[in-house]
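Visitor: With this note's numbering, letter number 65 in the sequence shown gets 296, and the count goes up by one each step, no holes. The following block contains the structure, expressed as structure tokens.
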Amino acid sequence: MSSSKSPRRRAREFVVQGLYQWQVADQDEAAIQVQAEGVAGFDKADSQLYTALLKETRQQAESLKADLAAHIDRAWDEVSPIERCILLLGACELKLHPETPYRVIINEAIELAKTFGGTDGHKFVNGVLDKLAAVTRAAELKPR
Numbered sequence: 232m233s234s235s236k237s238p239r240r241r242a243r244e245f246v247v248q249g250l251y252q253w254q255v256a257d258q259d260e261a262a263i264q265v266q267a268e269g270v271a272g273f274d275k276a277d278s279q280l281y282t283a284l285l286k287e288t289r290q291q292a293e294s295l296k297a298d299l300a301a302h303i304d305r306a307w308d309e310v311s312p313i314e315r316c317i318l319l320l321g322a323c324e325l326k327l328h329p330e331t332p333y334r335v336i337i338n339e340a341i342e343l344a345k346t347f348g349g350t351d352g353h354k355f356v357n358g359v360l361d362k363l364a365a366v367t368r369a370a371e372l373k374p375r
């Protein structure tokens with residue numbers, strides 16, 4: 232059963248797809264939700280996590296973008312749309328979900344980038360979120 236995904240992983244995959252629809256097609260939350268619910272496998276996703284992360288990432292997008300910008304070596308518009316969505320989601324979790332260990336968040340983002348992103352996108356996502364975690368999760372990163 233190693234190929235089966237956790238409900239949380241599935242939720243994050245649907246969030247990335249929803250953020251993509253929002254960024255590329257300017258769809259609102261209701262339209263995104265309806266579309267997601269119609270996709271096979273949505274019933275296996277953690278729907279509470281999905282709803283929270285989609286809403287929070289969209290509401291906080293501008294401040295998350297600002298947090299991320301300091302760690303990106305190019306203009307935001309030069310980052311691929313799918314990587315922007317994954318970075319926004321990762322930044323949202325790092326900032327607003329201290330209950331989830333930063334390593335889990337970064338690992339999930341890497342997996343999302345491998346699934347949806349370009350060839351080396353996961354390396355870029357990893358590098359950016361590592362730097363952001365050093366700021367947002369400084370206490371967690373300190374050696375004990």
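Beta carbons are placed, not taken as given, at the ideal position from N, Cα and C, and that holds for glycine. Every value quoted in this text rests on a predicted model; they were computed, and no experiment measured them.
Please go through the same chain and pick out, in chain order, the residues whose beta-carbon is closer than 7 Å to the beta-carbon of F355, but skip the five residues on each side of it.
Guide: In the sequence shown, counting from the first residue as 1, residue 355 sits at position 124. E314, listed in sequence order.
Visitor: If you follow the alpha helix (DSSP H) that F347 is in, where does it begin and where does it stop?
Guide: Working through the sequence shown from its first residue, we reach residue 347 at position 116. Unbroken alpha helix (DSSP H) run through F347: 333 to 347.
Visitor: Using alpha carbons as the reference points, say which of L372, Q248, L360, H353 lies closest to K296.
Guide: Along the sequence shown, one-based indexing puts residue 296 at 65. Looking at the Cα atoms, L360 is the closest of the given residues.
Visitor: What does the alpha-carbon distance come out to for the pair M232 and K362?
Guide: Mapped onto the sequence shown, residue 232 falls at position 1. Mapped onto the sequence shown, residue 362 falls at position 131. For M232, the predicted model reports a pLDDT of 35, less than 50, meaning its position is unreliable; a value from the coordinates is still stated below. Rounded to whole angstroms, M232 to K362 spans 34 Å at the Cα level.
Visitor: Tell me the start and end of each unbroken alpha helix (DSSP H) in the segment 237 to 320 that is at least 4 residues and wholly inside, in chain order.
Guide: Runs of the alpha helix (DSSP H) inside the segment 237 to 320: 238 to 256, 260 to 268, 278 to 290, 292 to 300.
Visitor: Within the chosen definition, does the segment 246 to 261 reach the segment 309 to 327 through at least 3 CB pairs nearer than 8 Å?
Guide: Yes: the two stretches touch, three or more of their Cβ pairs being nearer than 8 Å.
Visitor: If I'm right that I336 touches N357 with Cβ under 8 Å, what's the distance once you round it to whole angstroms?
Guide: The residue given as residue 336 occupies position 105 in the sequence shown. The residue given as residue 357 occupies position 126 in the sequence shown. Actually they are not in contact, since the Cβ atoms of I336 and N357 sit about 11 Å apart, beyond 8 Å.
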